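Mature numbering (1 follows the signal peptide of the UniProt record, and there is no 0) puts the sequence shown at residues -30 to -1, 1 to 310. Where is the CB? At the ideal position from N, CA and C, for every residue including glycine. Small disclaimer: the values here were computed from a predicted structure and weren't measured. Below: one structure, written as structure tokens.
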Amino acid sequence: MASSTSPAANAAAGVLVAMVLAAVCLHCLAAQLCEDYYDDTCPNAYDIVKKVLVDAHRSDVRIFASLIRLHFHDCFVQGCDGSLLLDGVPGVINSEKGAPPNNGSVRGFPVVDKVKAALEDACPGIVSCADILAIAAEISVELSGGPKWGILLGRLDGLTANFQSASNLPSPFDNLTILEKKFRDVGLRDPVDLVALSGAHTFGRAQCQFVTDRLYNFSGTGRPDPTLNSGYRAFLTQRCPLNGNGSALTNLDPTTPDTFDKNYYTNLEVNRGLLDSDQILKSAPEAQGVIAPIVDQFARSQDAFFKSFAQSMIKMGNIQPVTDPSMGEIRCNCRKVNDS
Ligand code: HEM
Ligand SMILES: *[C@@H]1O[C@H](CO)[C@@H](O)[C@H](O)[C@H]1NC(C)=O
Ligand SMILES: *[C@@H]1O[C@H](CO)[C@@H](O)[C@H](O)[C@H]1NC(C)=O
Ligand SMILES: *[C@@H]1O[C@H](CO)[C@@H](O)[C@H](O)[C@H]1NC(C)=O
Ligand SMILES: *[C@@H]1O[C@H](CO)[C@@H](O)[C@H](O)[C@H]1NC(C)=O
């Protein structure tokens, strides 16, 4: 060993230290999510999820929409902790699946189970169920024609469910003030988040029960919603007849039902939003200052929508993740807490 270290060697050593530090930092600082979380422990995680989703989509074109909605309903309820995925256990877990916004409405759980099984096969005990929902959401958007983004990972699965909070998820009957408050309450304070994330209604389906009041008795007036395009209303009254089956389905985006594009916003511009909570973003008096101009912007520019959507998805995925190992775990089965 040379006893005298040259300045060059010192510099080289310094660079090495910096590189090691950078590697450590890249691999998630404490309590932070990062893109390369599974790069060493489950490098093919993304491709494994993608394969299961592509397979599922062959027999179920709706599945991509259903999966991103699971991530939304997970993250808005005590953070992105996989709590939505827990089945009920009497006296222990009051499953969020039974809460009114979810019951008979959210779907896709068997596909999440398939993803989990495939990941357990490849890298047992490594990828959390909360991260599966975040990965599945991104892949679902991408495969439907939407933007890609760098998915932040490293969430643990929580140990509890929160039925009451799940019951308070945004409702299609909430007014704009309430919707903005519900987004603010989970840390999504920028009105762009509400407008951009609502753009996920560019694909998927909704049940007739959520539009019958707009068709037949809006706000107890006995009349249809005046902010509903008359041609679209004629179409919807066929699909959703008065006293018909409230569980019958209609497309959230009547123009391109399974494509992730800006048509949600172009529809709003001509009063073809399906849910009242969609159309108010353009039409409510309270929307005219800040919210409606964002709708206009996204209706003009798909690029602007995609950029904001990707940013807001990352923000939504960052709602209160569990990163402290004493507060969470990697579930073996997404439906139940380990050792229960
Ligand atoms: C702004 C507040 C929101 C409200 C009031 C709302 C409400 C709804 C309702 C009522 C449905 C139809 C459910 C059914 O008929 O069973 C639905 C479907 C859907 N929502 Fe939302 N939503 C909101 C925000 C979001 C967000 C933030 C996302 C994702 C980022 C999202 C993604 C979806 C998707 C993709 C579907 C279709 C699901 C499927 O076909 O299985 N929604 N939403
Ligand atoms: C969910 O809906 C089903 C069918 O409508 C109903 O029987 C069940 O009681 C509901 N679950 C909860 C927890 O309310
Ligand atoms: C929104 O709904 C809440 C609760 O129903 C109500 O108190 C409030 O007055 C409504 N705001 C507007 C602007 O309609
Ligand atoms: C419309 O709704 C109001 C208030 O909910 C109700 O009193 C009225 O009977 C309804 N009208 C019709 C035609 O269903
Ligand atoms: C209502 O529609 C749903 C979904 O299409 C279907 O599963 C159900 O059997 C229908 N119920 C009736 C009474 O027709």
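Next item on the list: Count the CB pairs spanning the region 170 to 186 and the region 231 to 248 that are closer than 8 angstroms, and state whether there are at least three.
Entry: yes
Note to self: Please classify asparagine 213 as buried or exposed, where buried requires at least 16 neighbouring CB atoms within 10 angstroms.
What the structure shows: On the sequence shown, residue 213 is found 243 positions in, with the first residue counted as 1. By the neighbour-count rule (16 or more Cβ atoms within 10 Å), asparagine 213 is not buried but exposed.
Check: For lysine 252, which residues of its own chain have a beta-carbon under 6 angstroms away from its beta-carbon, when the five flanking residues on both sides are left out?
Finding: Here residue 252 refers to the residue found at position 282 when the sequence shown is read from its first residue. Excluding residues within five positions, the ones whose Cβ falls inside 6 angstroms are Leu238, Ala262 and Val265.
Notebook entry, point to check: In or out: proline 291 buried (at least 16 other Cβ within 10 Å) or exposed?
Noted result: The residue given as residue 291 occupies position 321 in the sequence shown. With 16 or more other Cβ atoms within 10 Å, it is buried.
Checklist line | Where lysine 20 falls, given that 16 or more other Cβ within 10 Å makes a residue buried | finding: In the sequence shown, counting from the first residue as 1, residue 20 sits at position 50. Burial call: buried.
Margin query: Tell me which residues pass a beta-carbon proximity test against ligand 3: closer than 6 angstroms to any heavy atom, given in chain order.
Written below: Asn145, Thr147, Ile148 and Glu256
Checklist line | Option in Ala166, Ile289, Asn215 and Thr172 with minimal Cα separation from glutamine 2 | finding: Sequence index remark: in the sequence shown, residue 2 carries index 32 (1-based). Here the closest residue by C-alpha is Ile289.
Check: CA-CA distance, serine 29 and arginine 77?
Finding: On the sequence shown, position 59 is the one that residue 29 refers to. On the sequence shown, position 107 is the one that residue 77 refers to. The alpha-carbon atoms of serine 29 and arginine 77 are separated by roughly 14 angstroms.
Checklist line | Integer-rounded CB distance, given that glycine 169 should sit under 8 angstroms from tyrosine 235 | finding: Here the question's residue 235 lines up with position 265 in the sequence shown. Here the question's residue 169 lines up with position 199 in the sequence shown. With 8 angstroms as the limit, tyrosine 235 and glycine 169 qualify as a contact, their Cβ atoms being about 7 angstroms apart.
Notebook entry, point to check: Just how far apart, CA to CA, sit asparagine 303 and lysine 86?
Noted result: By one-based count along the sequence shown, residue 303 stands at place 333. By one-based count along the sequence shown, residue 86 stands at place 116. Their backbone Cα atoms lie some 7 angstroms apart in a straight line.
Checklist line | Delimiting residues of the beta strand (DSSP E) encompassing leucine 219 | finding: Numbered from 1 along the sequence shown, position 249 holds the residue referred to as residue 219. Looking at the DSSP string, the run of the beta strand (DSSP E) that includes leucine 219 is 219 to 221.
Next item on the list: Confirm, please, whether the CB-CB distance from arginine 175 to leucine 219 is below 7 angstroms.
Entry: Taking the first residue of the sequence shown as 1, we reach residue 219 at position 249. Taking the first residue of the sequence shown as 1, we reach residue 175 at position 205. Yes, these two residues count as a Cβ contact at 7 angstroms.
Next item on the list: Leaving out five residues on either side along the sequence, give the residues of the same chain with a beta carbon under 7 angstroms from the beta carbon of leucine 206.
Entry: Against the sequence shown, residue 206 aligns to sequence position 236. These residues qualify, in order along the chain: Val181, Leu185 and Thr220.
Next item on the list: Report yes if the C-beta of residue 349 is less than 6 angstroms from at least one heavy atom of ligand 1; otherwise report no.
Entry: Coverage of the chain is limited to positions -30 through 310, which leaves residue 349 absent and any answer about it impossible.
Margin query: Taking the alpha carbon of glycine 216 as the reference point, which residue from Glu299, Phe230 and Gln177 has its own alpha carbon closest?
Written below: In the sequence shown, the residue the question calls residue 216 occupies position 246. Minimum Cα distance to glycine 216 is reached at Gln177.
Checklist line | For phenylalanine 276, the nearest candidate out of Asp17, Ile18, Cys12 and Val111 (CA to CA) | finding: One-based indexing of the sequence shown puts residue 276 at position 306. When only C-alpha atoms are compared, the closest one is Val111.
Next item on the list: For the region 60 to 74 and the region 197 to 204, state whether three or more C-beta atom pairs, one from each stretch, are separated by less than 8 angstroms.
Entry: no
Check: Whose CA, out of Ile18, Gly259 and Thr11, lies closest to the CA of aspartate 83?
Finding: Numbered from 1 along the sequence shown, position 113 holds the residue referred to as residue 83. If we check each option's Cα against that of aspartate 83, Ile18 comes out closest.
Next item on the list: Could you check the C-alpha separation between tyrosine 8 and glycine 115 for me, to the nearest Å?
Entry: Reading the sequence shown from its first residue, position 38 is the one you call residue 8. Reading the sequence shown from its first residue, position 145 is the one you call residue 115. Their backbone Cα atoms lie some 26 angstroms apart in a straight line.
Margin query: Rounding to the nearest angstrom, what Cα-Cα distance links alanine 131 and serine 141 in this structure?
Written below: As a position in the sequence shown, residue 131 is number 161, starting the count at 1. As a position in the sequence shown, residue 141 is number 171, starting the count at 1. Their Cα atoms are separated by approximately 20 angstroms.
Item checked: Euclidean distance between Cα positions of glutamine 48 and serine 135 -> Here residue 48 refers to the residue found at position 78 when the sequence shown is read from its first residue. Here residue 135 refers to the residue found at position 165 when the sequence shown is read from its first residue. In a straight line, the C-alpha of glutamine 48 is about 7 angstroms away from that of serine 135.
Next item on the list: Could you tell me the boundaries of the beta strand (DSSP E) in which glutamine 177 lies?
Entry: As a position in the sequence shown, residue 177 is number 207, starting the count at 1. From DSSP, the beta strand (DSSP E) with glutamine 177 extends over 175 to 177.
Checklist line | Residues bridged to leucine 123 (per DSSP) | finding: As a first step, residue 123 must be located in the sequence shown, where it is residue number 153. Paired residue(s): Cys4.
Check: From this set, Phe34, Gly74 and Leu198, which residue's C-alpha is nearest threonine 229's C-alpha?
Finding: Here residue 229 is taken as the residue at index 259 of the sequence shown, counted from 1. Considering only alpha carbons, the answer is Phe34.
Next item on the list: With a threshold of 16 other CB atoms inside 10 Å of the CB of leucine -2, please say whether the residue is buried or exposed.
Entry: As a first step, residue -2 is located in the sequence shown; it is residue number 29 there, counting from the start. Result: exposed.
Next item on the list: My understanding is that histidine 171 touches aspartate 223, with C-beta atoms under 8 angstroms, so please give their C-beta distance in whole angstroms.
Entry: Within the sequence shown, residue 171 is the residue found at index 201, counting from 1. Within the sequence shown, residue 223 is the residue found at index 253, counting from 1. Right, the Cβ-Cβ distance comes to about 7 angstroms (below 8 angstroms), so this counts as a contact.
Next item on the list: Go through its chain and collect everything with a Cβ distance to alanine 280's Cβ below 8 angstroms, but skip five positions before and after it.
Entry: Looking up residue 280 in the sequence shown gives position 310. Pro117, Lys118 and Trp119, listed in sequence order.
Next item on the list: Report the three-state DSSP secondary structure of isoleucine 63 (helix, strand or coil).
Entry: The residue labelled residue 63 in the question sits at position 93 within the sequence shown. Three-state result, isoleucine 63: strand.
Item checked: Secondary structure of valine 292, DSSP reduced to three states -> In the sequence shown, residue 292 corresponds to position 322, counting from 1. Looking at valine 292 - three-state DSSP - the assignment turns out to be strand.
Notebook entry, point to check: At a cut-off of 6 angstroms, is serine 217 close to ligand 5 when judged by its beta-carbon and the heavy atoms of the ligand?
Noted result: The residue labelled residue 217 in the question sits at position 247 within the sequence shown. Yes.
Next item on the list: Using only alpha-carbon positions, find the residue among Ser98, Phe173 and Arg242 that is nearest to threonine 293.
Entry: As a position in the sequence shown, residue 293 is number 323, starting the count at 1. Threonine 293 has its Cα closest to that of Ser98, out of Ser98, Phe173 and Arg242.
Item checked: Residues bridged to asparagine 303 [DSSP beta-bridge criterion] -> Looking up residue 303 in the sequence shown gives position 333. In DSSP, asparagine 303 forms a bridge with Lys306.
Check: Nearest CA to the CA of aspartate 6: which residue from Val307, Gly124, Pro71 and Arg270?
Finding: One-based indexing of the sequence shown puts residue 6 at position 36. Considering only alpha carbons, the answer is Gly124.
Notebook entry, point to check: How long is the line joining the alpha carbons of isoleucine 96 and leucine 139, rounded to whole angstroms?
Noted result: Here residue 96 refers to the residue found at position 126 when the sequence shown is read from its first residue. Here residue 139 refers to the residue found at position 169 when the sequence shown is read from its first residue. Going from the Cα of isoleucine 96 to the Cα of leucine 139 covers about 30 angstroms.
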